[in-house]
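Numbering (the numbering used here), first residue to last: 4 to 290.
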């Protein structure tokens with residue numbers, strides 16, 4: 004039987020992977036991109052997306068706290084609950100990543116940007132300016148919340164991340180590290196060109212698993228830290244609220260996400276994608 008005939012007898016359930024090509028690593032410093040309009044368009048997209056993200060999510064948090072306040076006739080069964088808050092964060096990330104992925108990559112989070120920088124997906128200049136745009140967008144988004152809900156804003160904590168009573172700084176840091184690892188690992192997996200080619204028969208909308216990752220992490224860590232996993236989100240809320248309690252353990256919401264992002268980038272690039280082995284050469288001997 005010839006090879007041609009054998010190939011036609013393969014089971015119909017077999018899927019042939021498409022060819023894929025990894026994009027070349029982004030240069031460490033790229034002065035060319037800062038002369039293009041697309042670069043500044045991406046910065047604007049990150050700014051607006053983070054502004055909208057903080058506006059919707061912090062409003063949800065404050066609205067929930069006001070609804071369960073006994074002083075206003077509420078109880079613990081009123082409002083959207085922790086489940087609803089988690090849905091607000093995860094749903095907004097899904098929407099905003101979907102809307103901005105083709106413009107800026109849909110980072111909306113300095114930790115995601117940092118992880119992608121370590122994975123050589125973005126240049127240093129782009130990473131730094133993305134982080135600045137994200138933090139400014141977060142400040143403006145929470146500022147809008149305060150302007151619209153001034154009577155409730157300070158009374159209900161301004162949506163700022165704080166370490167919950169009964170938890171040590173180590174526990175809070177660990178929660179932020181693991182939570183951000185889940186998020187950034189999902190980002191790398193959902194946008195991996197090799198996976199998209201190999202599993203092309205299983206259509207995956209990348210923003211969907213990313214949004215679900217944010218949702219699940221919030222369910223787990225809201226009782227511990229209020230869930231940061233996004234330094235811009237924590238920073239914007241702390242700047243506008245500007246109370247001592249919001250700043251006391253604020254370092255946790257930067258150090259934890261950056262460590263988690265670094266671990267996720269290393270795990271995906273050098274363990275799952277075998278980057279270290281490829282760098283050292285294949286273990287297989289050539290005939």
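All C-beta atoms, glycine included, are put in the ideal place defined by N, C-alpha and C.
Contact annotation: residue 180 and residue 259 have beta-carbon atoms nearer than 8 angstroms. Looking from the CA of residue 187, the closest CA among 118, 74, 148 belongs to 118. Per DSSP, the unbroken alpha helix (DSSP H) holding residue 116 starts and ends at 113-121. Annotated three-state conformation of residue 248 is helix, per DSSP.
Our two residues, residue 267 and residue 177, have alpha carbons roughly 14 angstroms apart in a direct line. For residue 149 against residue 156, the beta-carbon gap comes to about 5 angstroms, under 8 angstroms, which counts as contact. Using a C-beta cut-off of 8 angstroms, the stretch 139-149 makes no contact with the stretch 212-221, since fewer than three inter-stretch Cβ pairs fall below that distance. Within the stretch 112-181, the runs of alpha helix (DSSP H) that reach at least 4 residues and sit entirely inside it are, in chain order, 113-121, 127-151, 153-156.
Separation of the CB atoms of residue 115 and residue 190 is rounded to 6 angstroms, and the pair is thereby assigned contact status at 8 angstroms. Residue 38 counts as exposed, since fewer than 16 other C-beta atoms from the protein chains shown sit within 10 angstroms of its C-beta. When the five nearest sequence neighbours on each side are left out, the beta carbons in the same chain lying within less than 8 angstroms of the beta carbon of residue 225 are those of 85, 88, 89, in order along the chain.
DSSP places residue 38 in the helix class (H, G or I) of the three-state scheme. Taking C-beta atoms as the reference points, residue 25 and residue 196 count as a pair closer than 8 angstroms. For residue 257, the enclosing alpha helix (DSSP H) begins and ends at 255-269.
Around the beta carbon of residue 99, a 10 Å sphere encloses 16 or more other beta carbons of the protein chains shown; the residue is thus reported as buried. Linking residue 49 to residue 218 through their CA atoms gives a straight-line distance of about 20 angstroms. By alpha-carbon distance to residue 257, the top candidate from 269, 93, 228, 216 is 228. DSSP, read as helix, strand or coil, puts residue 55 in helix. The Cβ atoms of residue 107 and residue 193 lie no closer than 8 angstroms to each other. Apart from the 5 residues on each side of it in sequence, residue 52 sits with its Cβ closer than 6 angstroms to the Cβ of 99, 103, 111 in its chain, given in chain order.
Each residue's CA atom was taken as its position, placing residue 54 and residue 105 some 18 angstroms apart.
The criterion of a C-beta distance shorter than 8 angstroms is not satisfied by residue 172 and residue 247.
Less than 8 angstroms separates the beta-carbon of residue 141 from that of residue 57. In the three-state reduction of the DSSP assignment, residue 47 falls in the helix class.
For residue 82, the CB contacts under 6 angstroms within the same chain, skipping 5 residues up- and downstream, are 67, 70, 71 in chain order.
Between the alpha carbons of residue 243 and residue 97 lies a distance of about 25 angstroms.
The residue among 32, 101, 231 with its C-alpha nearest the C-alpha of residue 60 is 231. Rounded to whole angstroms, the gap between the alpha carbons of residue 33 and residue 137 is 20 angstroms.
A residue is called buried when at least 16 other Cβ atoms come within 10 angstroms of its Cβ; residue 28 does not meet this threshold and is exposed.
Comparing C-alpha distances from residue 31 to each of 154, 93, 73, 124 shows the shortest one belongs to 124.
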